[in-house]
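J.: Going by the numbering used here, the sequence shown opens with residue 24, and the numbers climb by one from there.
Glycine included, each C-beta is placed from N, C-alpha and C at the ideal position.
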Amino acid sequence: MRANYQVEQDLITSRALVELFSDDFLRENLAFRGGTALHKLFLNPAPRYSESAWKKTLNNGGQLFTYAKQAGSTQFISLYASDFLDGKVVSQYYLITLKDNKKRIEELADESLLSYDKAKGLDVEDIFNTWKETYRQDYATKGIFESDIPAYAIGKTKYSLKDLNIISSKDLQGKYHEFV
24 MRANYQVEQD LITSRALVEL FSDDFLRENL AFRGGTALHK LFLNPAPRYS ESAWKKTLNN
84 GGQLFTYAKQ AGSTQFISLY ASDFLDGKVV SQYYLITLKD NKKRIEELAD ESLLSYDKAK
144 GLDVEDIFNT WKETYRQDYA TKGIFESDIP AYAIGKTKYS LKDLNIISSK DLQGKYHEFV
């Protein structure tokens, strides 16, 4: 039997997804990939989200970049997961911008690197390689759900001290091992 907090988490997640995908602008410009989001919108039973999905994304694009190809006008893709901790919904996501940075494209004009505009007309692998090679796998962990992000303005352009998170020694140890 599911605990009350699990039922509440399920309800909050479902309602959030319904609201997001009920909006024409967000539905056309944002693609989520994550066990929770996919299950609520398309799948049954629920697949389990794990860090392995992000590792696959970093390695070869995983399933996330297939959504960029399916919805070619998508400007952002996001790998999203949430949990219910201490009475609050806590989300974690990776937000990848699929809009070209004109300055970066101009700087790299002599190198034979693709832009998103060109890659979106090719294969999924080309979109992933554009992110990997042209944009050096740049991503954000803020820019959708924070209180200072206005509706319809996906992505965060200005950061402040409020954006810093306190990390535990366990988190720090994990980061150390990521870089070793």
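With burial defined as no fewer than 16 other Cβ atoms inside 10 Å of the residue's Cβ, what is the status of Tyr117: buried or exposed?
T.: So Tyr117 counts as buried.
J.: Which residues in the same chain as Ser138 place their Cβ atom closer than 6 Å to its Cβ, once the five residues preceding and following it in sequence are excluded?
T.: Only Asp123, Ile128 meet the Cβ criterion.
J.: Can you pull the DSSP bridge partners for Tyr215?
T.: Outside the shown range of the chain (24 to 203) lies residue 215, about which nothing can therefore be said.
J.: How many Å lie between Trp77 and Asn188 at the Cα?
T.: Roughly 20 Å separates the two Cα atoms.
J.: Could you tell me how far apart the beta carbons of Ser105 and Ser114 are, in whole angstroms, since I believe they sit closer than 8 Å?
T.: Going by Cβ atoms, the distance from Ser105 to Ser114 rounds to 4 Å, so yes, they are a contact pair.
J.: Assuming Ala91 and Leu121 make a contact with CB atoms under 8 Å, what is their CB distance in whole Å?
T.: Ala91 to Leu121, Cβ: 6 Å. Contact.
J.: Measuring straight from C-alpha to C-alpha, what distance separates Leu87 and Val112?
T.: Computed Cα separation, rounded: 23 Å.
J.: So the beta strand (DSSP E) Ile119 belongs to, where does it begin and stop?
T.: Segment 111-120, the beta strand (DSSP E) holding Ile119.
J.: Can you check which of these residues, Ile177, Ser192, Lys185, Ile190, is closest to Asn52 by C-alpha distance?
T.: Here the closest residue by C-alpha is Ile177.
J.: For a minimum of 4 consecutive residues, which ranges assigned as the alpha helix (DSSP H) are wholly contained in the segment 130-156?
T.: If we require 4 residues or more, the alpha helix (DSSP H) runs fully inside the segment 130-156 come out as 139-142, 147-152.
J.: For Ala104, name the three-state secondary structure that DSSP assigns.
T.: In the structure shown, Ala104 sits in a strand (DSSP, three-state: E or B).
J.: Which of helix, strand or coil does DSSP assign to Ser37?
T.: DSSP places Ser37 in helix when its eight states are reduced to three.
J.: Hey, quick one: how far does the alpha helix (DSSP H) through Asp171 stretch, first residue to last?
T.: Run containing Asp171: none; DSSP gives neither H nor E here.
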